[in-house]
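Q: Would you mind keeping the following structure in view while I ask a few things?
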Amino acid sequence: MAMHGMRGLAIFISDVRNCQNKELERLRVDKELGNIRNRFKKEKGLTPYAKKKYVWKMLYIYMLGYDVDFGHMEAVSLISAPKYPEKQVGYIVTSCLLNENHDFLRLAINTVRNDIIGRNETSQCLALTLVGNIGGREFAESLAPDVQKLILSSSCRPLVRKKAALCLLRLFRKSPDVVNVDGWADRMAQLLDERDLGVLTASMSLLVSLVSNNHEAYWTCLPKCVKILERLARNQDVPQEYTYYGIPSPWLQVKTMRALQYFPTIEDPNSRRTLFEVLQHILMGTDVVKNVNKNNASHAVLFEALALVMHLDAEKEMLSQCVALLGKFIAVREPNIRYLGLENMARMLIVTDVQEIIKRHQAQIITSLKDPDISICRRALDLLYGMCDVTNAKDIVEELLQYLSSADFTMLEELSLKAAILAEKFAPDLSWYVDVILQLIEKAGDFISDDIWFRVVQFVTNNDDLQTYAAAKAKEYLDKPAVHEKMVKVCAYILGEYSHLLARRPGCTPKEIFSIIHEKLPTVRTTTIPILLSAYAKILIHTQPPDQVLRNQIWAVFTKYESCIDAEIQQRAVEYFALSRKGAALMDILAEMPKFPERQSSLIKKAEDAEGGTAEQSAIKLRAQQQPSNALVVTNQHPANRAPPPVSVGQLSLVKAPSMDDTEDHSIERAPSQENVNISKVDPQAPSADLLSDLLGPLAIEGPPGAAVQYEHNATPGLDSGPDASAIVPVAEETNTIQPIVNIAERFRALCFKDSGILYEDPYIQIGIKAEWRAHHGRLALFLGNKNTSPLISVQALILPPAHLKMELSSVPDTIPPRAQVQFPLEVVNLQPSRDVAVLDFSYKFGTNKVNIKLHLPALLNKFLQPISVSTEEFFPQWRSLAGPPLKLQEVVRGLRPMALTEMENLLHSFGLMISQGLDPNPNNLVASTIFCSEKTHGMLCLVRIETDPADRTQLRMTLASGDPTLTFELKEFIKEQLVSITTVTPAPPAAPPTPQILSSDPAALLAGLLS
Amino acid sequence: MGIRFILMVNKQGQTRLAQYYEWLTVEERRALEGEIVRKCLARNEQQCSFVEHRNYKIVYRRYASLFFLVGVDNDENELAILEFIHLLVETMDRHFGNVCELDIMFHLEKAHFMLEEMVMNGSIVETSKANILSPIQLMEKAT
């Protein structure tokens, strides 16, 4: 066997396998690690073979989940071994053990490059694969042209070219500017003429990534994709090796259809016709067969075809064909097909006009909700949530309630949240809403967030005609023997406020109500007791005429808690007791709670936030966002399915939306209400003609200066505390005798838009920084280099993080040895949007000089932005649904340095915003989008529109929209500050900061420079 | 991104092969493997082959004592991945002849070579078994 001679490895593996328990395994592994470490250390002249053996052992140990923190050098050094087997091991193990930021990897760049441009195609393949898997920015910069050449080279065999294609994909992702769109689009199209299916498979992945970023540049590839799909779907000239159970490469078919979904439309009539014929062929020609593999493969293609049909503006007939197919799928027993049927049906909700057909399958979907397989339940839940509107809300919510008692506990939270939202959004009458929420609390109290019961209290408080009903219900629930604590809270609150409305009913005298509540007191935790005390105080004032016995009972309770250790309870007990002795004055002090101001449902927001999180890292974020639950963006999908728009009157009111097929007037029938109860009926279809007016309206720069600026400044906490970003200089320079030799402000500014470079330098020390950002996390490494021949002592580094960042700095050594560089990592978590800047307080001693510097750290808002492209179809609904302040803010910015539109585009791009070309019909305007990541907002979509005035380039109007008011404000201010500061601070655009030395961004080179 | 990782795990939950296409620390890997293995191994034959975990999906398939788990983005075509697992198994079968857990365990390097030919940077590169296996044959000739 090929384990030839690697007996040591086989023995080790079998030793580990024979270990009786984890403890013994660890001992064996530790022994081996010690052994390997010794060998590497002591025997300088290890043969490549021996190295190979040890390196495989390391990989095996690593796979078992043990940290292997040495020997990386040896793995990397094998890459330059002359013999193929060693080289191969070197490449493979290196790509498993190291990541792109590893310093050792940089050592290998030259070898890798030589292999790539060399003549030996097996080495070429290895090198391309390594770069394709872990190559970073530096690789992109030095290798992109070579790799691009290889892909198109006529002398290269397919086996090299396919790897080159995926290698380029990696380089493109790491550094999008390496692929020059002008030249590359034509070559990409040419590449799609390739006959070899391996090369095509790899090229298609490359294309998907490129078009997802900029579909316009690659429109010439569209007809080619259609041709490839046609070739495969009709099985023309497909070699046997690429046919899988009779299906011509299902993977390439899927990928090709995925690429097609990135083009907004297909204008060329020929391509369009051909494509629809092919899709029709797939839709009609996919039969269920016995062979599982064949069945899966053909259905993989079918589901992708369904997605493509939904994406294209297909004929109604074809769409109903799709719904019919999906309807069939959700009814089959085979779980995979059923799961996918549900998932795709939920996606289908985006397409207009099919909701009614989907509704016919409601019963079937509810059956799946009760499936023992949690994956299927989730899909069914999402679909039900998405298809819910006023016509079926009652049925669906009742099903959800029923399902609560048998559902898997991991689903309860999501399930109850969704039920609560649907009940609120589509309630036919408010008493039903109250019923639903109380049932939710009864059945899943542990999983009900406080928001849910706060919300029901708001509703009851604001609707007078609901109060009696709610109080009666509350009493009913509290009468039950075992009551969940949340139920005690909400019922005690409601009874405290409104139980007097029940006074004439049997069993509802204040005394009885009190004893019902008080019975629960011994069962609740201290956090609930204050609510009970308030309820008692309220009952007391509502008891007219005063009841001596009851009063004494309640006073006894207050007296008992006067010495309670919990401050909140104690305070309430003391105060209520004192107040209740004041007699008439108590009436005013403890009067009924006033109405709550109208506010957006925090539940809906919460659900949206939760969904945003799931899309965090997906390449196709928006698609993914719609995927887990269409329903969470219901406001964009369908007129009958939209959330009630906020009503400005100080009243919670229920909005009824007319359903699709029901034209009769749904005016709201409610009990006669008091004059100040506002009932509004909103016709959601009415504003549709005006949908784009906001975005496409005429340029209104001539508005009064700053007129649009004054939203909510004070409503958003912590905004004013941010340091003035235009003062980007060291926070304090104190009286250091040693002066920096670089312009710190300029350094900081440059680092705001790139991830590595020098932050500070003086004659003794150089501080470099290297950062990596992923969603709301950041990993920074600070490099401290001592430039001298004597040590730097009393080194101290402190991070002063702003409130929105969680930063953890590992300990910094007290001394930096002569000519040495130390590195220390810094973990950053972004909690919420803010423009505040973190400060590094750094000090050291050199001889008798003590130096203390405070430096801003480039962990700014824009580091948590991930550019994302948004298509017209996605943009407008989002833009529309974020209707106005505080979610959408507008401001006119003046006094700018005139800049060309392309320069502005580059600028926005450098902030992490993705420009959507042509989305705005006015060529003087820019529309851009990005995802902001923080712990609070998860991944949240932000939309930006900038309108410029060609006649006066010193001003522009900026509109920002996102689902979070703070985020909208902070991002707007951030962009404004950057636009303004560019006019005042640096002459050069920040995207291309002045580069000091060529190697400055490379800490390894930096170190090398120090030591020379 | 597409494929985020490929794991082969036996029914005792021991990892037999792990290939990640995004960088995770050892601790993160251990935690992730623990969580998803627990989730997937608890499922029965009547349940579907897809498990939603955090913000991605696991597509998995069981062969005798061995589970193949592939982590993919939420929008990946699930069935295509499911059959990709089978293609991987068939490729291993062609090489080892009736592949079993021990083959993968003791020929870790070959399993890696095959994967390396099939997936790169989370995307599928090659689906022809002959092409996938040719570098391994080349290496066997060389030694």
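Listed in order, the protein sequences are those of chains P and Z.
The first sequence begins at 1 in the numbering used here and counts up one residue at a time.
The second sequence begins at 10001 in the numbering used here and counts up one residue at a time.
Where is the CB? At the ideal position from N, CA and C, for every residue including glycine.
Looking only at its chain, what residues have a beta carbon closer than 7 angstroms to the beta carbon of P:I448, apart from the 5 residues adjacent to it on each side?
A: Closer than 7 angstroms at the Cβ level, and outside the excluded window around P:I448, lie S416, L440, I441, K486.
Q: First and last residue of the alpha helix (DSSP H) that includes P:V29?
A: Element bounds for P:V29: 22-42.
Q: Relative to chain Z, which residues along the stretch 271-299 of chain P have a C-beta separation below 8 angstroms, given in chain order?
A: Taking 8 angstroms as the Cβ-Cβ cut-off against chain Z, the residues of the stretch 271-299 of chain P that qualify are N293, N296, A297, H299.
Q: Note down the Cα distance separating P:I793 from P:Q955, rounded to an integer number of angstroms.
A: Rounded to the nearest angstrom, the two C-alpha atoms are 51 angstroms apart.
Q: Just list the residues that DSSP pairs P:T243 with in beta bridges.
A: P:T243 pairs with P:P248.
Q: If distances are taken between C-alpha atoms only, which option among P:R273, P:K290, P:M348 comes closest to P:M310?
A: It is P:M348.
Q: Identify whether P:R157 lies in helix, strand or coil by the three-state DSSP scheme.
A: In this structure, P:R157 counts as coil in the three-state DSSP scheme.
Q: So, P:V870 versus P:L800, is the Cβ gap smaller than 9 angstroms?
A: Cβ atoms of P:V870 and P:L800: not closer than 9 angstroms.
Q: Could you tell me whether the stretch 189-204 of chain P touches the stretch 10124-10132 of chain Z, using the rule of 3 or more Cβ pairs below 8 angstroms?
A: Short answer: they touch.
Q: Under 9 angstroms, do P:G785 and P:I816 count as touching if we go by C-beta distance?
A: Closer than 9 angstroms, so yes.
Q: Taking only heavy atoms of the ligand NAD into account, decide whether any of them is closer than 8 angstroms to the Cβ of P:K850.
A: Of ligands this structure carries none, so the ligand NAD is not represented either.
Q: Please list, in chain order, all residues of the same chain as P:A331 whose beta carbon is under 6 angstroms from its beta carbon, the five residues on each side excluded.
A: If we look at P:A331 and ignore the five residues flanking it on each side, its Cβ neighbours are Q364.
Q: Beta carbons nearer than 7 angstroms to chain Z: which residues of the stretch 303-336 of chain P have them?
A: Listed by position, the residues of the stretch 303-336 of chain P near chain Z (Cβ gap below 7 angstroms) are F303, E304, P335, N336.
Q: So P:V112 and P:V131 are in contact, right, with Cβ under 8 angstroms, and what is the actual spacing, rounded?
A: About 6 angstroms separates the two Cβ atoms, so the contact holds.
Q: From P:Y385, P:A233, P:R378, P:R173, pick the residue whose C-alpha is nearest to that of P:N214; which is it?
A: Checked all of P:Y385, P:A233, P:R378, P:R173; the closest Cα to P:N214 is P:R173.
Q: In this structure, does DSSP put P:P645 in helix, strand or coil?
A: Any reading at P:P645 needs caution, since the residue's pLDDT is 37, under 50, leaving its predicted position unreliable; the model's value is listed next. Coil at P:P645, not helix or strand.
Q: Looking at chain P, is there any beta carbon in it that lies within less than 9 angstroms of the beta carbon of Z:R10145?
A: This structure leaves residue 10145 of chain Z out entirely; chain Z is present only between 10001 and 10143.
Q: Where Z:L10138 and P:T122 are concerned, what is the direct C-alpha to C-alpha distance, given to the nearest angstrom?
A: Using only the alpha carbons, I get a separation of about 9 angstroms.
Q: Give the range of the beta strand (DSSP E) segment to which P:R234 is assigned.
A: No beta strand (DSSP E) contains P:R234, which DSSP labels as neither H nor E.
Q: Would you identify the three-state DSSP class for P:T391, choosing helix, strand or coil?
A: Three-state result, P:T391: coil.
Q: Nearest to Z:N10044 by alpha carbon, out of Z:F10106, Z:I10136, Z:R10062?
A: It is Z:R10062.
Q: Name the one or two DSSP bridge partners that P:H856 has.
A: DSSP output for P:H856 lists P:V839 as bridge partner(s).
Q: When you compare only the Cα positions, how much space is there between P:Q236 and P:H299?
A: Rounded to whole angstroms, P:Q236 to P:H299 spans 20 angstroms at the Cα level.
Q: Mind checking if Z:C10048 is an interface residue toward chain P, Cβ cutoff 9 angstroms exclusive?
A: Taking Cβ atoms only, chain P reaches closer than 9 angstroms to Z:C10048, which makes this a yes.
Q: What residues in the stretch 10124-10141 of chain Z have a beta carbon less than 9 angstroms from any beta carbon of chain P?
A: Residues I10124, V10125, E10126, T10127, S10128, K10129, A10130, N10131, S10134, P10135, I10136, L10138, M10139, E10140.
Q: In chain order, what residues of the stretch 339-359 of chain P put their CB closer than 7 angstroms to some CB of chain Z?
A: The residues in question are Y339, L340.
Q: Report back the beta-carbon spacing between P:T468 and P:Y498 to the nearest angstrom; my notes put them in contact at under 8 angstroms.
A: Their Cβ separation, rounded to whole angstroms, is 7 angstroms, which keeps P:T468 and P:Y498 in contact under 8 angstroms.
Q: Thinking Z:N10077 and Z:Y10056 are a contact (beta carbons under 8 angstroms), I'd like their distance in whole angstroms, please.
A: With 8 angstroms as the limit, Z:N10077 and Z:Y10056 do not qualify as a contact, their Cβ atoms being about 14 angstroms apart.
Q: Does the Cβ of P:L27 have 16 or more other Cβ atoms within 10 Å, making it buried, or fewer, making it exposed?
A: It is exposed - the Cβ of P:L27 has fewer than 16 other Cβ atoms within 10 Å.
Q: Out of P:F911, P:T948, P:F932, state which residue places its alpha-carbon closest to the alpha-carbon of P:N922.
A: Of P:F911, P:T948, P:F932, the residue nearest in Cα terms is P:T948.
Q: In this structure, how does DSSP classify P:I738 when only helix, strand and coil are distinguished?
A: Coil, per DSSP.
Q: Pull the bridge partners of P:K845 from the DSSP assignment, please.
A: P:K845 pairs with P:I793, P:K850.
Q: Name the DSSP bridge partner or partners of P:F932?
A: Answer by DSSP bridge pairing, in chain order: P:L865, P:M940.
Q: How about the stretch 901-916 of chain P and the stretch 856-876 of chain P: do they share at least three Cβ pairs that are nearer than 8 angstroms?
A: Yes, they touch.
Q: Closest to P:R137 by CA distance: which of P:S209, P:E399, P:K754, P:V839 is it?
A: Out of P:S209, P:E399, P:K754, P:V839, P:K754 has the C-alpha closest to the C-alpha of P:R137.
Q: Hey, would you say P:Y62 sits closer than 9 angstroms to Z:V10026, going by beta carbons?
A: It is a contact, given that the beta carbons lie within the stated cut-off.
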